[in-house]
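Structure first, commentary second.
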Amino acid sequence: MAKHETPLLDQLESGPWPSFVSDIKQEAEARAKNEKGLDYQIPVDVCEDLLGVLELSFKHGRTHWKHGGVVGVFGYGGGVIGRYCDQPEMFPGVAHFHTLRVNQPGGKFYTSKYLRQLCDIWDLRGSGLTNMHGSTGDIILLGTTTPQLEEIFFELSHNMNQDLGGSGSNLRTPSDCVGEARCEWSCYDTQALCYDLTQEYQDELHRPAFPYKFKFKFDGCPNGCVASIARADISFIGTWKDDIPVDQEAVAAYVGGELPPNGGAHAGRDWGPFDIRKEVIDLCPTNCMQYADGKLAINCKECTRCMHCIAVMPRALRIGNDRGLSMLVGAKAPILDGAQMSTMLVPFVKVEEPYDEIKEVIENIWDWWMEEGKNRERLGELMKRQGFQRLLEACNLKPDPRMVQEPRTNPYIFWKEDEVPGGFKRDINEFRKHHLR
Amino acid sequence: MAKHETPLLDQLESGPWPSFVSDIKQEAEARAKNEKGLDYQIPVDVCEDLLGVLELSFKHGRTHWKHGGVVGVFGYGGGVIGRYCDQPEMFPGVAHFHTLRVNQPGGKFYTSKYLRQLCDIWDLRGSGLTNMHGSTGDIILLGTTTPQLEEIFFELSHNMNQDLGGSGSNLRTPSDCVGEARCEWSCYDTQALCYDLTQEYQDELHRPAFPYKFKFKFDGCPNGCVASIARADISFIGTWKDDIPVDQEAVAAYVGGELPPNGGAHAGRDWGPFDIRKEVIDLCPTNCMQYADGKLAINCKECTRCMHCIAVMPRALRIGNDRGLSMLVGAKAPILDGAQMSTMLVPFVKVEEPYDEIKEVIENIWDWWMEEGKNRERLGELMKRQGFQRLLEACNLKPDPRMVQEPRTNPYIFWKEDEVPGGFKRDINEFRKHHLR
Amino acid sequence: MAFISSGYNPDKPMENRITDIGPRKYDEFYPPVIKKNKGTWLYHEILQPGVLVHVAESGDEVYTVRVGGIRLMSVSLIREVCDIADKHCDGYMRFTTRNNIEFMVDSKEKVQPLIDDLESRKFAAGSYKFPVGGTGAGVTNIVHTQGWIHCHTPATDASGPVKATMDVLFDDFKDMRLPAQMRVSLACCLNMCGAVHCSDIAILGYHRKPPLMDHEYLDKMCEIPLAISACPTAALRPGKVELEDGTKVKSIIVNEPRCMFCGNCYTMCPSMPLADDVGDGIVIMAGGKVSNRISAPKFSKVVVAFFPNEAPRWPQTTDCIKKMIEVWSADANKYERLGEWAERIGWERFFEKCELEFTHHLIDDFRDPAYFTWRQTTQFKF
Amino acid sequence: MAFISSGYNPDKPMENRITDIGPRKYDEFYPPVIKKNKGTWLYHEILQPGVLVHVAESGDEVYTVRVGGIRLMSVSLIREVCDIADKHCDGYMRFTTRNNIEFMVDSKEKVQPLIDDLESRKFAAGSYKFPVGGTGAGVTNIVHTQGWIHCHTPATDASGPVKATMDVLFDDFKDMRLPAQMRVSLACCLNMCGAVHCSDIAILGYHRKPPLMDHEYLDKMCEIPLAISACPTAALRPGKVELEDGTKVKSIIVNEPRCMFCGNCYTMCPSMPLADDVGDGIVIMAGGKVSNRISAPKFSKVVVAFFPNEAPRWPQTTDCIKKMIEVWSADANKYERLGEWAERIGWERFFEKCELEFTHHLIDDFRDPAYFTWRQTTQFKF
Ligand code: SRM
Ligand code: SRM
Ligand code: SRM
Ligand code: SRM
Ligand code: SF4
Ligand code: SF4
Ligand code: SF4
Ligand code: SF4
Ligand code: SF4
Ligand code: SF4
Ligand code: SF4
Ligand code: SF4
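Listed below in C-alpha cells is the structure:
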C-alpha cells in the first residue's frame, strides 16, 4: 500500500498514453519488493516520496524544489544538477535529489548490454528514475544523494568507459540527428563530426571557462531533425552545392500513382490522386521546377535546397553529391531579449577529417566570445550587442549576402576612421574660412 | 553677362530633362531686364547670387547655408523657415534667404488666375523662385528677407484669401491624392476630408503645442499615391467592405485582347498576349480568384483589397460600394531609431461629414501624445516606447488581430495587477509554511 | 544501509581517476544492418503509422518500429525495452530526438511479431507501455522538460500536461491524416528547456506575479547586485526594508509594473520566488517550425495569454490544442504546417476559425522589434 | 529700393489681421469636367506615355497630359505654365504628388495641339521645359528635397543629382517598357524629407565624418544638454576643452567610434557641423515601395554604402541606378516592382546580377532589430 495518497496523480494512470505515474509506481513497488535483495544506497522509498511531493505540487500548483547548491564530481564543473526538496521532513526520500547528465552516444543508438549496466548502477545508487533523454541530449539520471555522485562517476568511467555530459557555463553535450546511419538525406556523417568535436573539446565540456553555456547540434540536412537551428549556439546543418539527381522513371511512377507521395507520410487521409504540379512544382519556394510532357526539370542554380520536392518524391529525387554543411550561429531561448534562431555564418564548408576548417571557425568564435562576452551572455546576444560585423572580423570571414535575409534598411553605418579619406581629424579654423559662423 | 562664373552648373544646362539652372538663369535675366519696371523689394541679383553660392557648393562639396534663426509672422509658430548664407559678403543677394510655406489647395488643382497672383506677389517681394511643391505638399516660396515676411502674409491673406502652411512642432500641411476628383478608385473624397480637417485644426497647424511635427496624408485607396503610409503620422487610406463588382463582358474583352491590360500602363513593351491566369489569378496575394470557363469568380471574403486585379482590369473590376477608410498611424523618417511606416489602428471607418468618429480618434491620439510624448518624439516613437496597448487605451479601441501582422513571439506579457486573481500582494511567511528555505 | 564503495577513494580523488573520455563511440551501438549500409541509404517509406523501412544501395532493408516514449522512465521500464530488443532486434535499439524509442529489424517478417509484442504490453492501470506510431503527417511525442518533478523554477508541471495532452491527441499519434507533421512541445518556464519557441504548438509555463520578496533572508542568501543585474527590464533596485520587528535590512525593491515575470531574478536569488497557485499557468503558442522545408523556420506566436494550472488534466489547455489541430486539419492544404496555414489565411482568420479571443496581451510590446509584428499594410480580411 | 507696404502696420500687427483661414477650397480650382464628374469616374486608360484619359458615368472624358516638372520653378516658368493652361485648358491645371504638371482637356481633339505646344518649348540651352511622360510602367519624376539650394544639413545636393539622373533615365520617362513603375527619390540628408525610405531606388545624402567641434563658440551658441540628448547613440558627453590660447571652455566631447553621422546633433547645435568635401556623399538604397499592390509596402535597403559627391553630374551614382534598372527590367516579371524582384530571386542574386559588391557596411548592426535582417534559414543560392 502506497506511502502517500496520490488521488490527483492517480487520475493520470488512465488514458492510452504511457503513464509516467504508473511507471514510477511500478518502480516504487520493485524497490519495496527488492527481489534482487539490493542494498539500496539511497532511500528505498525515493519513488514514493517523489510521487508524494509531486502530488503536493499538483495540489498547490507550485513546485517543491529549491535551488541546487554546488554539487558535482571532483575536477568537473558540470554534469551534475543539485536539487533539494523544500519539504524534507515530509519527503525524506527526496530531500537530496541531484541529477547526473550522462553523455549519450551519437544518434542515441544503444545495446541492451549497455543500458542494463547503466540501470544496475542507477538502481543501486540512485532513484532508478531517468530521462531518456534530456532536451539537450544527455541521459539524465534523475535523483540521488551527494555521497553517491563520485561513486556513480567512478563506476561509469571505470566500468562503462562512459563520461558525464555538460552543465554550467561550458560546452554542453553535443547531439545529432540519426543522419547517415539511417537516413538517405544526410549530407555529412553527423555522428562522426559530433563525436570528434565532443572528444576534441572535452576540457571545454567539463571545465567552465565560458561566459555562459554553449551548444553544438548536428543536423544532416535542412529538415533539422535535431532542431539545431532553434537551439544551438552553433548549428551544423548539412547541405550540398551541385544538382539534385532526378530519376525520371521514378517521377513517372509517382505521377502514375505507383509510389506513395512523401514516402507514405500522408497515407492516413485520401488526398486524391497525386498532382505533381500542385504538390511539388507550385510549392517549390524558388519556382525553379518545371514539369512538361512527362519530364521533370529543375533549375538547380536557383534551388535553395529546402528539401520539399525530395521529401515528396524520395525515390525520384536525392540530395546532391558535392556535400558539406552550413554553420549557423547564435540560437537561444527567450531569456533575456527574446528567442533567437541561428544566423548563417558559413554558407558552405566541406566536412573532411580532421575538420580543421570547422574547428578554426569554432575557436575563433570562442576567442571572441570569451574576450567580449559578459557574464551569462550567450553568443547570440553578443552578436546583437556588438553587431554581426564584429563576428565576421573575429572569424576572418568575408561579408556575403547569404548571411543576411536583406541588406540594412537604415543608413546608420558606423564608418571607421581609416575607411574615410583624410580620417576624422579636421581643422575648424580652416572650415570657418569657408563657412562663417 | 552673369555676375558669377558657374562652369560646373553650366554643365547642367545640357541634357533633355528641364534644367533648373537654365530656369534660374532666365529668372535672373528677367529681373535684370525688369521689363515691368518693378521696384523689387529684395535684391535684384538674388538669383545670380543663388547660382553663385550653389556653384561654390558644387566646388566645395558642402552647403553654404546656416541654421535659420527664429523668423516668422506674428502669432504663428510656423509657415516660415529662416535661412542665412555663410558667405554673405560674397553673396549679399541671398544673405537672408527665408522660405514661406503656402498651404496648397486640395489635389493641387489650380487656376492660372491664382498662380499669376501668387507670382506677382513673389516677384515683387521674393526671389521669384519656388518649389512646386514641397515634399509635404506646400507651395514653397523660396528665399526672401525678414521684413518681407509680414508683407507677403498680409497680401496672401487679404488679397488672395490664402493662408500659410505648417512648420515646427505643430500639425503640418495635410495633403491628399487626386482622389475622386479624377480617379475611379477613390474610396472616399480625399479633398473634402483633407480640407475639413485642415480647417478644423488651424490652431494646431499654426501654433506649436505638440512635442514635435505631426502629419496627415490622405490616400483614396491602397495604391497610396500620396505615399501616406510612408510619411504621415496619421495615414488615411481608402478601402471598402463589400465585394468587388465584376463585369464579365469586360473580363472577356481583356482575355480576348480587346482591352489593354493595366489601362495601357505596359504598352511600351510587347509582353505577349494577356494571360489572365499568369497576370491576375496567380498574382493575387490571397489566391481568392478563380477563372473557369470564361468566368471570373472572386471569393471577396478572403480578398485583402490589394488593388492588383482592379489595376490590371480597370474596366472589368471596380472598388466595392460599402466604402470607408483605414487609419494607420506613426510613420516617420529614420531619425532617430530607424524609419517607420504607419501601423493599422482603425481598420475601417465610414467617411461621413462631420467626420466625428475620425476626429475623436485624432484627438484621443493627440491627448495621449501631448501627455506622454517627450520633446521631439514622434507619435511612432512614442508607440514603440510605451507600446501599442497604451495607444489602444488612449483611443478606447478594442484589440483586433488586424492591427498586427502576427501575434507576439515572446511571452513577456506585462500583466496588470488587477488582471491577476489576488493581485500582486503576497505573504512570504504564508508561502514559507509550504516552502522551507 | 551499508555504503558500498565503487572503488573511489575520497582521500585520494585523483587516484587512477579516469576523466575526459567523453561518450562511448556511436558505432559500438549500430545494429549490423546499419553499420553495413551507413551512408548508402537510397530511400525510405512509412509502411504504416510508426513503421518505416529504409532501403540501401546493397538492397538491404531496415525496418523501424517507433513507439511513444515517456522520457521519464524507470530502470524497470528500460529493462523491459532491453528485453524486447534482445528478443526481436539482437539487442539493439535507439531513441529519437523526440524521446520516442525505435526498434529496428532487418527483415519484413520480423516486423509484425515485434509490433504485436509492443502493443500487447500495458501498465497495470491500463495505459500502453509502447504504443506504435508517431510518424509522418501525424502527432508525435511531445518534447518536454522537468516541471514539478525536478526543477525549482517551473510555472507548470511537465509530465502531467504532456500525459493529459497525449491522451487527447492519441488517435493522431497512431494516424497520419493531418496536412503535415504536428510538433507539440512543452517547457515549464520561459527558460524554455524544450526550446518550444519554434513548435507548431507550444505549451509554456508562465508566472504572472512579481517575485515574492523574502527580505529577511535575501541579503544573507543572495548577491544583491547579481540579482538586480539579472533583470532584463530593470525592475529591480537595491533598497533598505524595515521588517516587522523593526530591524532594517538591505534588500531589493521591485518596481512591479516593470516586471514581466520572467523569473531570471529568482534564478540568481532564491529569496525572491515567483511561484503562485493562481498566478502561474500556461501560455499557448502556435505556428512555429524548425525545418527549412518550403518556408524558413518560424517562431511560435502567443495565441492564448493564459490558462490556469488545472491539475491533473489541464482541460482548457488540451481542449484548445485539440481545437486548433482540428481546425487546421480541416482547413489547411496538404504539406502545410500550422504556421504556414495561419500566415496564408491571415492571423485574423486564425483567431476567427479557432474561436480564440484576441486579447491585448497578444500584441507585442516588448522592445523595439515589437514594431515589426504590427501591421504596416492596408491588406487585411474583414 | 523703396519699401512698398502691403497695408500691414508693424505698430498694430493685429489691425484687421486675417489668420487661420487655411488653404483655398479645392473646388474653386476644379476644371468644369472634373467638377461635374467628380466621384463618378468609371475607368482610365493611358493612351501614350504621359497621356491619360478618364471616362465618367456621364460619358464625359477628361484627357490628362502629364509633363515632367522641375519643382524648383521660377515665376517666369510658372507664368508660362499659366499661358499654356489659358491657351488649351481654360486656365486650369494641377500638380502631381511627384511634382509633375498635369494639363487637362475635355476632348480628344485638344490633346495633340497641347502636346505639340508642350514639346516645342525649350530652354535657351536646349533642355525641354515640359517633356510629356511619366506614366505607367516607366520612370517618373524624382521626388527630392533642398540640398545645397536651401538647407543647412545636406550631405549632397538635390536638384543637381536629380537633373543628372533624369537626363540618364529620360528615355524611360517617355516610355512604359519597364516591368512596373519605377519610383526614384532623393533626400539630401537622412532627415529624409523626400521620405525616400520606401522607394524603388533612393538617392540619399550621407555624412561620414563626426561633427567638427567649434569648441570656442559652442557653449555660447548651443544648449549643451539639448545637443547631447539629441544623439541617438550616446556618442556625446559634456566636457571641458582647452583652446589654443589656453583658456578652458565648457563644450561637448565626441566619442567618435560611436558616431554614425546622422547629424541630429548639428540640427540642435550649429557649432558642430558634419559637412565635409570627401566625407560627404551618396548612399544608394533600393527595393522599397509604398503601394499595397500584391505585396505590402517595403522599406528600401542600402545597396551601395557610398559614392562620392561628383558634381556636377554624379556619374557613379547615375551609372549604378541605370544599371539596376536595366538588370531589373531584363530579369523581372511583368508587374514586379524592383523590391519584389530582388526578394524573389534573393538578395545574393541581386548583388550578383547588378554587379554590386556586398560590403560589411550593408549588414545591419544598428540596434536589436538588426537581427531580423540576418539570415535564419539554410535556404540560399550559390
Ligand atoms: C534537464 C533539462 C530539461 C529537461 O528536462 O530535459 C534542463 C534543465 C534546466 N535548465 Fe535548461 N535544461 C535542458 C535543456 C535546455 C535547452 C534545450 C537544448 O539544450 O536543446 C534549452 C534551450 C536552448 C538554449 O540553450 O537556449 C535550455 C535553456 C535553459 C535556460 C535559458 C538559457 C538561455 O540562454 O536562454 C536556462 C536558464 C539558465 O541557464 O539559468 C536553463 C536552466 C536550466 C536549469 C539548470 C534550471 C536553472 O535555472 O538552474 C534546469 C535544471 C532542471 C533540473 O533541476 O533538472 N535552461 N535548457 C535539459 C538538459 C538535459 C540534457 O542535458 O539533455
Ligand atoms: C522643405 C522640405 C523639403 C523639400 O524640399 O520639400 C523640408 C525641409 C526641411 N526639413 Fe523636412 N522638409 C520637408 C518634408 C519632409 C518630409 C516629407 C513629408 O512631409 O511628406 C519628411 C519625412 C516624413 C516625416 O515627417 O518623417 C521630413 C522629415 C524631416 C525631419 C525628420 C523628422 C523625423 O521625425 O524623422 C527633419 C529633422 C527635424 O525635424 O529637425 C526635417 C527638417 C527639415 C528642415 C527644417 C531642416 C532642419 O533640420 O531644420 C528642412 C528645411 C530646409 C530648408 O531650408 O528649406 N525634415 N521633412 C519639405 C517641406 C516642404 C513642404 O512643407 O511641403
Ligand atoms: C527519427 C528522427 C531523427 C532522429 O535522429 O531521431 C527523424 C526522422 C525522420 N525525419 Fe525528421 N525526424 C525526427 C525529428 C524531426 C524534427 C525535430 C523535432 O520535431 O523536434 C523535425 C523538425 C520539426 C519542425 O520542423 O518543427 C523534423 C523534420 C522533418 C521533416 C520536415 C517536415 C516538414 O514538413 O517541415 C522531414 C521531411 C518529411 O517529413 O518528409 C523529416 C523526415 C524524416 C525522415 C523521413 C528522414 C528519413 O528519410 O529517414 C525520418 C522519418 C520521418 C518520420 O518519422 O515520419 N523530418 N524531424 C526524429 C523523430 C522524432 C520523433 O520521434 O518523432
Ligand atoms: C497623379 C498621381 C496622383 C496625384 O494625386 O498626383 C497618380 C495617379 C495615378 N496613379 Fe498612382 N499616382 C501618383 C503617385 C503615385 C505614388 C506616390 C509616389 O510615387 O510617390 C504611388 C506609390 C508608389 C509606390 O508604390 O512606391 C502610386 C502608386 C500607384 C499604383 C501602384 C503601382 C504598383 O505597381 O505598385 C497604381 C496602380 C497602377 O499603376 O496600375 C497607381 C495608379 C494610378 C492611376 C492609374 C489612378 C487612376 O486611375 O487615375 C493614376 C495614373 C497612373 C499613372 O500615372 O500611370 N498609382 N502612384 C500621382 C502621379 C505621380 C507622378 O507624377 O508620377
Ligand atoms: S535532419 Fe535530415 S539527415 Fe538528419 S535525420 Fe532528419 S532528414 Fe535525415
Ligand atoms: S529543394 Fe526546394 S527549392 Fe529546391 S527544387 Fe526542391 S522544392 Fe525547389
Ligand atoms: S491613391 Fe488610389 S484613389 Fe488616390 S489617386 Fe491613387 S489610385 Fe486614385
Ligand atoms: S484586390 Fe488583390 S487580393 Fe483582392 S482579389 Fe484582387 S488581387 Fe486578390
Ligand atoms: S523550462 Fe524552466 S522550469 Fe522547466 S526545466 Fe527548464 S528551467 Fe526548469
Ligand atoms: S521576474 Fe524578470 S522582470 Fe520580474 S523582476 Fe525578476 S527578472 Fe525582473
Ligand atoms: S533632407 Fe535633410 S538636407 Fe535635405 S532638405 Fe531635408 S533636412 Fe535638409
Ligand atoms: S552625428 Fe549623430 S551620432 Fe554622431 S554625434 Fe551627432 S547625433 Fe550623435
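Each protein sequence line maps, in turn, to chains E, G, X and A. Residues 9 to 445 (my numbering) are what the first sequence spells out, left to right. Residues 9 to 445 (my numbering) are what the second sequence spells out, left to right. Residues 3 to 384 (my numbering) are what the third sequence spells out, left to right. Residues 3 to 384 (my numbering) are what the fourth sequence spells out, left to right. Where is the CB? At the ideal position from N, CA and C, for every residue including glycine. Note that the structure is predicted; figures quoted are calculated from it, not measured.
- Taking Arg326 (chain G) as the reference, which of G:Gln112, G:Lys74, G:Trp248, G:Pro268 has the closest Cα? G:Trp248
- Item | Within chain A, the residues that Asn266 (chain X) reaches when beta carbons sit closer than 7 Å | What Asn266 (chain X) touches in chain A: nothing, since even the nearest Cβ is about 18 Å away.
- Item | Within chain A, partners of Ile343 (chain G) - CB distance below 7 Å | Leu192, Asn193, Cys264, Asn266
- Message: Going by C-alpha to C-alpha distance, which of A:Arg68, A:Arg295, A:Leu74, A:Ile284 sits closest to Met95 (chain A)?
- Response: A:Arg68
- Query: Can you find a C-beta in chain G that's less than 9 Å from the C-beta of Leu214 (chain A)?
  - Reply: no
- Query: Of all the options X:Arg346, X:Gly140, X:Lys112, which has the alpha carbon lying nearest to the alpha carbon of Val64 (chain X)?
  - Reply: X:Lys112
- Query: Whole-angstrom Cβ separation of Gly24 (chain A) and Lys121 (chain G), contact assumed at under 8 Å?
  - Reply: Wrong, their Cβ atoms sit about 19 Å apart, outside the cutoff.
- Task: Please decide whether Asp241 (chain E) counts as near chain G, where near means a Cβ-Cβ distance under 9 Å.
- Result: no
- Counting Cβ pairs closer than 8 Å, one from the stretch 176-186 of chain E and one from the stretch 97-117 of chain E, do we hit at least three? yes
- Message: Distance check for Thr379 (chain A) and Gln210 (chain E), CA to CA, integer angstroms please.
- Response: 29 Å
- Who are Phe226 (chain E)'s beta bridge partners in DSSP? E:Asp184, E:Phe244
- Item | Limits of the unbroken alpha helix (DSSP H) element including His90 (chain X) | 77-90
- Message: Beta-carbon within less than 8 Å of Ser109 (chain A)'s beta-carbon, same chain only, minus the 5 sequence neighbours each way: which residues are those?
- Response: Glu63, Tyr65
- Go ahead and label Lys303 (chain A) buried or exposed: buried means 16 or more other beta carbons lie within 10 angstroms of its beta carbon, across all protein chains shown. buried
- Message: Restricting to Cα atoms, I'd like to know which of A:Pro314, A:Pro272, A:Val141 is closest to Asp173 (chain A).
- Response: A:Val141
- Is there at least one non-hydrogen atom of ligand 6 closer than 8 Å to the beta-carbon of His316 (chain E)? yes
- Query: Using a beta-carbon distance below 9 Å, is Gly149 (chain X) in contact with chain E?
  - Reply: yes
- Query: Is any heavy atom of ligand 10 found at a distance shorter than 8 Å from the C-beta of Ala347 (chain E)?
  - Reply: no
- Message: Let me see if you follow: with CB-CB separation under 9 Å, is Arg1 (chain G) close to chain E or not?
- Response: Any property of residue 1 (chain G) remains undetermined from this structure, which presents chain G solely from 9 to 445.
- Item | Enclosing alpha helix (DSSP H) for Gly162 (chain A) [first to last residue] | 161-175
- Message: Please tell me whether Tyr262 (chain E) has its Cβ less than 9 Å away from any Cβ of chain X.
- Response: no
- So does Ser143 (chain E) have its beta carbon nearer than 8 Å to some heavy atom of ligand 5? no
- Is Cys185 (chain G) near ligand 7, judged by its Cβ being under 8 Å from some heavy atom? yes
- Taking the continuous alpha helix (DSSP H) assigned at Phe66 (chain E), which residues delimit it? 54-68
- Item | Strand pairing of Glu104 (chain X), partner residues [DSSP] | X:Arg68, X:Arg96
- Message: Between which two residues does the alpha helix (DSSP H) holding Trp374 (chain E) run?
- Response: 364-380
- Item | Element boundaries [beta strand (DSSP E), containing Lys242 (chain X)] | 238-244
- Message: ligand 4 and Gln183 (chain A): does the residue's C-beta get closer than 8 Å to at least one heavy atom of that ligand?
- Response: yes
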